[in-house]
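**Q** First residue of the sequence shown: 340, per our numbering; consecutive thereafter.
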Amino acid sequence: MARPRPEPVQVVKQRRDAALKALVEGVPYIGFLGVQFDRRGDELTALMPFEEKLIGNPLLPALHGGATAAFLEITAIIGLSWGMLWEEIESGAFDPEAIVGGKLPRLPKTIDFTVDYLRSGLPRDAYARAQVNRSGRRYASVHVEAWQDNRSRPFAQATGHFLMPRRDG
């Protein structure tokens, strides 16, 4: 009996990208801020393109602290959710077509979120990456760093704790 031929890599990539896009589009505030995600394998980088509406202090000018905090929290939640989904998609336990079809998984809920503003966010694009420190059945801890021109000089960082959604149906 012959083994089934594996799917072409482009088909697999398109399915993963479509699942991520559907996950992100399921949260309207992400669209309002204009946050996008770049996926390379299982790693996500968030991008918040600069817009005038993100300026909090026009005299400096600097990004609004609330926009920065929201960007960090969005990155943490989507990064955590994508990490869970990635494992389920790769194991075959979850069909990525279900997300594209509108069956969105429940997202983790924020318990607490602490932001450290390290320097002023300049009026330019911002990037962020989340690192999941712990992810269990009920609780997760995530660290996020945001930078602009130089990844080694973050302008903000955050640590968040999240209540994980029930996965039993």
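Here a beta-carbon is modelled for each residue, glycine too, at the ideal position from N, C-alpha and C.
Going along the chain, which residues of its own chain have a beta-carbon closer than 8 Å to the beta-carbon of GLY475, five neighbours each way excluded?
**A** Counted from its first residue, the sequence shown places residue 475 at position 136. Around GLY475: MET503.
**Q** Which of the three DSSP states, helix, strand or coil, is assigned to ALA465?
**A** Numbered from 1 along the sequence shown, position 126 holds the residue referred to as residue 465. Looking at ALA465 - three-state DSSP - the assignment turns out to be strand.
**Q** In whole angstroms, give me the CA-to-CA distance for SER480 and VAL350.
**A** In the sequence shown, counting from the first residue as 1, residue 480 sits at position 141. In the sequence shown, counting from the first residue as 1, residue 350 sits at position 11. Roughly 33 Å separates the two Cα atoms.
**Q** From ASP464 to MET387, what does the alpha carbon distance come to, in whole angstroms?
**A** Working through the sequence shown from its first residue, we reach residue 464 at position 125. Working through the sequence shown from its first residue, we reach residue 387 at position 48. The straight-line gap from Cα to Cα measures roughly 6 Å.
**Q** Within the same chain, show all residues whose beta-carbon is closer than 6 Å to that of TRP421, passing over the 5 residues directly before and after it, in chain order.
**A** As a position in the sequence shown, residue 421 is number 82, starting the count at 1. Only LEU383 meet the Cβ criterion.
**Q** With a threshold of 16 other CB atoms inside 10 Å of the CB of PRO367, please say whether the residue is buried or exposed.
**A** Indexing the sequence shown from 1 puts residue 367 at position 28. Answer is exposed; the Cβ neighbour count stays below 16.
**Q** What do you reckon, are the CB atoms on GLY460 and LEU398 nearer than 8 Å?
**A** The residue labelled residue 460 in the question sits at position 121 within the sequence shown. The residue labelled residue 398 in the question sits at position 59 within the sequence shown. No, these two residues do not count as a Cβ contact at 8 Å.
**Q** Which of helix, strand or coil does DSSP assign to GLN487?
**A** Along the sequence shown, one-based indexing puts residue 487 at 148. Of the three classes helix, strand and coil, the one that applies to GLN487 here is coil, per DSSP.
**Q** I need the DSSP call for SER459, collapsed to helix, strand or coil.
**A** Here the question's residue 459 lines up with position 120 in the sequence shown. Residue state, collapsed to three classes: coil.
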